[in-house]
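What follows is a single structure, written as structure tokens, with notes after it.
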Amino acid sequence: MLTKNKCPGSGYAEILIEAGMVTTGCLQSVLSGKAYAKALFCLKSVTETLERLLFESFMDMQQNTSEFNSTTLMTLVSIASRKTLEDALNDQSLMDCIDQYIRFEESVRTGVLGKTATFWLSVVDHLRLVMMLLYSVKTNNLMLFHECCGQMAELFFAFDGPNYSR
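In this note's numbering, the protein residues as written are 1 to 166.
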């Protein structure tokens, strides 16, 4: 699993234990991926937290420079529908904020917030890729599946162990 090879010594195991998501007895099963459902749940939860912290950091940096209509975004989050999505996509201030956030993420990848933030953002990026791969399998989307596999090639070769790239 992604966490066993990418996150040793990063504090990930301690986060899971302190948050009460796993016990010390099942920790190794979660980290190795043997307890697949639990491992995926833990990874999703930690990733959600990291994304929220990143967005909070972005909003703190942006509070003096730009304001957008958060009502449109909050409506989309609370009442997800085609209409609220169209309203959000038509709100130019929200689209500008999203563009700024994407640029902010890119700057974090280059080290603006330090090496720790860069590392954890790479974990988030790899989880997004794994989730897209799972989505492609569930929806039988062959094009997306091949795209994800192509982007995952570096992960297949990066870690010491069996090579599943075939």
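The beta-carbon is built from N, C-alpha and C at its ideal position, and this holds for glycine as well.
Just to confirm, are residue i and residue j a CB contact at a threshold of 7 Å?
i	j	result
Met143	Leu129	no
His50	Val124	Residue identity check: residue 50 is Leu in the sequence provided, not His. Cβ distance < 7 Å, so Leu50 and Val124 count as in contact.
Tyr101	Phe145	no
Cys148	Met132	yes
Leu121	Arg109	yes
Ala37	Leu27	no
As a quick exercise: from the options, pick the residue whose alpha carbon is nearest that of residue i.
i	options	result
Ala39	Leu127, Asp96 and Glu105	Leu127
Phe55	Glu106, Leu134 and Leu155	Glu106
Met61	Ala13, Leu16, Arg103 and Lys115	Arg103
Ala117	Arg52, Ile79 and Gln92	Arg52
Gly9	Val112, Leu85 and Phe119	Phe119
When you compare the CB of residue i with every CB in chain D, is at least one pair closer than 7 Å?
i	result
Ile102	Among the protein chains of the structure shown there is no chain D, as only one such chain exists.
(message) Give the list of continuous alpha helix (DSSP H) stretches no shorter than 4 residues that lie fully inside the region 28-56.
(response) none
(message) Closer than 8 Å is the cut-off here; do at least three beta carbon pairs connect the region 9-23 with the region 41-60?
(response) yes
(request) Could you name each continuous alpha helix (DSSP H) segment of 4 residues or more that falls completely within the region 99-161, going from the start of the chain to the end? (result) 115-139 and 142-158
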